[in-house]
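*Asks:* The structure's right below; bear with me while I get my questions together.
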Amino acid sequence: ASYFLAAGAIGGGPVRVEGVGMASIQGDVRFADALNRMGANVMAGDNWIEVRGTERDDGRLNGIELDCNHIPDAAMTLAVAALFAEGTTTLTNIASWRVKETDRISAMATELRKLGAEVEEGADYLKVTPPASPTTWQTPAVW
């Protein structure tokens, strides 16, 4: 559900995901909490989560620092959402990304840099500072 929830924040929403909500034990609830900390308008019931844009007039999210121990896979969506934030987003406790099918910390850093983000990567963290605005993004070369 993280992709759809992030789309609701970035695109202005509303996007509602049913079948997961505040009563759920899924990581999607913690992902929604992270989006809320970034300034997204998040609403939820027992069996649904909805995101309707952001609290800011300019539609941007806010950079945050987040321990992603409980949502390591969904944290990749947060790394992309960080492109739409003002300020730096730091995602920590993601060492498991390095031992997946590929080194996901390195791969994510590479792809975010292609869009013009400044990215610092460590053994278990990723720090993303987005371009000034999406209009200043670089056009990535996709081969």
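Residue numbers (this note's numbering): 56 to 198. Built from N, CA and C at the ideal position, the CB exists for glycine as well.
1) Inspect the beta-carbon positions of M77 and V84 and report whether they are closer than 8 Å.
2) To the nearest angstrom, how far is the alpha carbon of V174 from that of R168?
3) According to DSSP, simplified to helix, strand and coil, what is R92?
4) Residue range of the alpha helix (DSSP H) that G66 falls in?
5) Enumerated in chain order, which unbroken segments of the alpha helix (DSSP H) with a length of 4 residues or greater are wholly contained in the stretch 152-184?
6) Using the Cα positions of L170 and M98, report the straight-line distance between them to the nearest angstrom.
7) Could you name the residues that DSSP lists as bridge partners for L121?
8) Mind checking whether G67 and G108 have CB atoms under 8 Å apart?
9) With DSSP run on the structure shown, which of helix, strand or coil describes M98?
10) Rounded to a whole number of angstroms, what is the C-alpha to C-alpha distance between Y58 and T132?
11) Here's a check: name, in chain order, each residue in its chain whose Cβ is nearer than 6 Å to the Cβ of E105, leaving out the five neighbours to either side.
12) Comparing C-alpha positions only, which one of D128, G82, A137 and G74 sits nearest to I119?
13) Quick check on the DSSP output: the beta strand (DSSP E) that includes V106 runs from which residue to which?
14) Evaluate A187 with the Cβ neighbour count: other Cβ atoms within 10 Å of its Cβ, from every protein chain shown; 16 or more gives buried, anything less gives exposed.
15) Hey, out of N102, R159 and T165, whose CA is closest to D128's CA?
*Replies:* Let's see:
1) In the sequence shown, counting from the first residue as 1, residue 77 sits at position 22. In the sequence shown, counting from the first residue as 1, residue 84 sits at position 29. It is a contact, given that the beta carbons lie within the stated cut-off.
2) Within the sequence shown, numbered from 1, the residue matching residue 174 stands at position 119. Within the sequence shown, numbered from 1, the residue matching residue 168 stands at position 113. So the two alpha carbons sit approximately 7 Å from each other.
3) Position 37 of the sequence shown holds residue 92. In this structure, R92 counts as helix in the three-state DSSP scheme.
4) The residue labelled residue 66 in the question sits at position 11 within the sequence shown. Here the alpha helix (DSSP H) through G66 covers S57 to G66.
5) 159-169
6) Position 115 of the sequence shown, counted from the first residue, corresponds to residue 170. Position 43 of the sequence shown, counted from the first residue, corresponds to residue 98. Roughly 31 Å separates the two Cα atoms.
7) Indexing the sequence shown from 1 puts residue 121 at position 66. Note: L121 sits in a beta bridge opposite L146.
8) Locating residue 67 in the sequence shown gives position 12, counting from the first residue. Locating residue 108 in the sequence shown gives position 53, counting from the first residue. Yes.
9) Locating residue 98 in the sequence shown gives position 43, where the first residue counts as 1. Here M98 sits in strand by DSSP.
10) In the sequence shown, residue 58 corresponds to position 3, counting from 1. In the sequence shown, residue 132 corresponds to position 77, counting from 1. Each residue's Cα considered, the two are about 6 Å apart.
11) The residue you call residue 105 lines up with position 50 of the sequence shown. If we look at E105 and ignore the five residues flanking it on each side, its Cβ neighbours are P69, R71 and M98.
12) Looking up residue 119 in the sequence shown gives position 64. Per the Cα distances, A137.
13) To locate residue 106, count along the sequence shown from 1; it is residue 51. W103 to T109 is the span of the beta strand (DSSP E), which, as asked, contains V106.
14) Within the sequence shown, the letter at position 132 stands for residue 187. That one is exposed.
15) Here residue 128 refers to the residue found at position 73 of the sequence shown. D128 has its Cα closest to that of R159, out of N102, R159 and T165.
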